[in-house]
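K.L.:
Positions 19 to 259 (our numbering) are the ones given, in order, by the sequence shown. Every residue, glycine too, gets a C-beta built ideally from N, C-alpha and C. The structure that follows is given in the form of structure tokens.
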Amino acid sequence: MFKDVISFIRELYKSDTFIPLHEPRFIGNEKKYINECIDSTFVSSVGEFVDRFEADVAKYTGSKYAIATVNGTAALHVALLLAGVVENDEVITQPLTFIATVNALSYIGAHPVFVDVDKETMGLSAGKLEHFLLHNTEIIRGECVNKVSKRKIKAVVPMHTFGFPAKIEDIVSVCGKYNLKVVEDAAESLGSYYKNQHTGTFGLLGTLSFNGNKTITTGGGGMILTNDETLAKKAKHITTT
Ligand SMILES: *Cc1c(COP(=O)(O)O)cnc(C)c1O
Numbered sequence: 019m020f021k022d023v024i025s026f027i028r029e030l031y032k033s034d035t036f037i038p039l040h041e042p043r044f045i046g047n048e049k050k051y052i053n054e055c056i057d058s059t060f061v062s063s064v065g066e067f068v069d070r071f072e073a074d075v076a077k078y079t080g081s082k083y084a085i086a087t088v089n090g091t092a093a094l095h096v097a098l099l100l101a102g103v104v105e106n107d108e109v110i111t112q113p114l115t116f117i118a119t120v121n122a123l124s125y126i127g128a129h130p131v132f133v134d135v136d137k138e139t140m141g142l143s144a145g146k147l148e149h150f151l152l153h154n155t156e157i158i159r160g161e162c163v164n165k166v167s168k169r170k171i172k173a174v175v176p177m178h179t180f181g182f183p184a185k186i187e188d189i190v191s192v193c194g195k196y197n198l199k200v201v202e203d204a205a206e207s208l209g210s211y212y213k214n215q216h217t218g219t220f221g222l223l224g225t226l227s228f229n230g231n232k233t234i235t236t237g238g239g240g241m242i243l244t245n246d247e248t249l250a251k252k253a254k255h256i257t258t259t
């Protein structure tokens, strides 16, 4: 018997120091498909495998559309652009995340505002989000403005930490009151459901990562999820140009 989860994992990985998130295992048709892919010459952003992967992820997550990207960071970057985030806007996210969440918004020239997580879920706290918005923002001509910085807040990026779903319905409902777009960073939560609905499908857009340390891997890769046809078409355009 182990006294806690950490000692269990340390024993599993025979390591006292470094514990990998996920070690990829290639025990299926990976090599066969890579050869087929090379033979087809469609080795970049289009081809039969990309179409199949997008269709499979859409079906599995229940998202109407799934758009493949080069990695999870690019998926977030494009999703934020599609949510209307521009330079000097603010985007609310959680401090407990991988740095890529914040890098993606900084590539647009937007500024992060950190709202803490709930201890229970390790995901963005809907209560703390509402408290922050109530005390620090006002709605001016339909847009949420930070009273302290005077900048517009455009979007909120909750993250489902280590596959554990945040209380996403509450977050989406708070964001609705303040006219904020929700972009779910579901990089770590492929296969995680909140009330029988797949994570990444509650917001306007959601993003996945298929990096080597994630639930499933394509080497490098990511996906944008959305139910909005116009946004899906724009996402395909931006990510293939
Ligand atoms: C891995 C990860 C990303 C970035 O994905 P990449 O495919 O490595 O670019 C973004 N957000 C979170 C929370 C992640 O864990």
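Is the beta carbon of ASN197 sitting closer than 8 Å to the one on LYS82?
P.N.:
To locate residue 197, count along the sequence shown from 1; it is residue 179. To locate residue 82, count along the sequence shown from 1; it is residue 64. Their beta carbons are not under 8 Å apart, which means ASN197 does not touch LYS82 by this criterion.
K.L.:
DSSP puts GLN112 in a beta bridge; with which residues?
P.N.:
The sequence position of residue 112 within the sequence shown is 94, counting from 1. Answer is none; GLN112 lacks a bridge partner.
K.L.:
Pull up the distance between the alpha-carbon of PHE150 and that of LYS251, whole angstroms please.
P.N.:
Translated into the one-based positions of the sequence shown, residue 150 becomes position 132. Translated into the one-based positions of the sequence shown, residue 251 becomes position 233. Taking the straight line from one Cα to the other gives about 34 Å.
K.L.:
Apart from the five residues just before and just after ILE234, which ones in its own chain have a Cβ nearer than 8 Å to its Cβ?
P.N.:
Stepping through the sequence shown from its first residue, residue 234 is reached at position 216. Contacts found: LEU208 and PHE228.
K.L.:
For the candidate residues ASP203, PHE36, ASP57 and ALA86, whose alpha-carbon lies nearest to that of ILE220?
P.N.:
On the sequence shown, residue 220 is found 202 positions in, with the first residue counted as 1. Correcting the residue identity first, residue 220 is Phe in this sequence and not Ile. With distances taken between Cα atoms, PHE220 lies closest to ASP203.
K.L.:
Output the residue ranges of the alpha helix (DSSP H) runs that lie fully inside the stretch 38–121 and measure 4 residues or longer, sorted by chain position.
P.N.:
48–58, 66–79 and 90–100
K.L.:
Just to confirm before moving on: does the CB-CB distance between LYS232 and HIS95 stay below 8 Å?
P.N.:
As a position in the sequence shown, residue 232 is number 214, starting the count at 1. As a position in the sequence shown, residue 95 is number 77, starting the count at 1. No, these two residues do not count as a Cβ contact at 8 Å.
K.L.:
Alpha carbon to alpha carbon, how far is ILE110 from LYS137?
P.N.:
Translated into the one-based positions of the sequence shown, residue 110 becomes position 92. Translated into the one-based positions of the sequence shown, residue 137 becomes position 119. Using only the alpha carbons, I get a separation of about 18 Å.
K.L.:
Sort VAL175, GLU187 and ASN53 by Cα distance to GLU108 and report the nearest one.
P.N.:
Mapped onto the sequence shown, residue 108 falls at position 90. That would be VAL175, whose Cα lies nearest to the Cα of GLU108.
K.L.:
Quick check: the Cα distance between THR59 and ILE126, rounded to an integer number of angstroms?
P.N.:
What you label residue 59 is simply residue 41 of the sequence shown in a count that begins at 1. What you label residue 126 is simply residue 108 of the sequence shown in a count that begins at 1. Between THR59 and ILE126, the C-alpha separation is close to 33 Å.
K.L.:
Scan the stretch 180–205 and note each continuous beta strand (DSSP E) run of 3 residues or more that stays entirely inside, going in chain order.
P.N.:
199–203
K.L.:
Go ahead and label GLY237 buried or exposed: buried means 16 or more other beta carbons lie within 10 angstroms of its beta carbon, across all protein chains shown.
P.N.:
Numbered from 1 along the sequence shown, position 219 holds the residue referred to as residue 237. GLY237 comes out exposed.
K.L.:
Compute the Euclidean distance between the alpha carbons of GLN173 and LYS195, then round it to the nearest angstrom.
P.N.:
Here residue 173 corresponds to residue number 155 of the sequence shown, with the count starting at 1. Here residue 195 corresponds to residue number 177 of the sequence shown, with the count starting at 1. Reading off the sequence, residue 173 comes out as Ala, not Gln. Near 13 Å, if we compare the C-alpha coordinates of LYS195 and ALA173.
K.L.:
Locate the alpha helix (DSSP H) running through ASN229, then write down its first and last residues.
P.N.:
On the sequence shown, residue 229 is found 211 positions in, with the first residue counted as 1. Counting along the chain, ASN229 falls outside any alpha helix (DSSP H), and DSSP gives it neither H nor E.
K.L.:
Do you know whose CA, among GLY102, LEU99 and HIS129, lies nearest GLN112's CA?
P.N.:
Residue numbering aside, residue 112 sits at position 94 when the sequence shown is read from its first letter. Among GLY102, LEU99 and HIS129, the Cα nearest to that of GLN112 belongs to HIS129.
K.L.:
Taking ALA253 as part of the alpha helix (DSSP H), name the residues at either end of that continuous run.
P.N.:
If you number the sequence shown from 1, residue 253 lands on position 235. Unbroken alpha helix (DSSP H) run through ALA253: 247–257.
K.L.:
Determine the contact status of ALA118 and THR87, defining contact as a CB-CB distance below 8 Å.
P.N.:
One-based indexing of the sequence shown puts residue 118 at position 100. One-based indexing of the sequence shown puts residue 87 at position 69. Not closer than 8 Å, so no.
K.L.:
Counting along the chain, where does the beta strand (DSSP E) carrying LYS170 start and finish?
P.N.:
Taking the first residue of the sequence shown as position 1, residue 170 is located at position 152. Note, LYS170: beta strand (DSSP E), 170–175.
K.L.:
What residues in its chain sit with their C-beta under 6 Å from that of VAL75, if we drop five residues either side in the sequence?
P.N.:
For the purposes of this step, residue 75 is taken as residue 57 along the sequence shown, with counting starting at 1. Contacts found: ALA84 and MET241.
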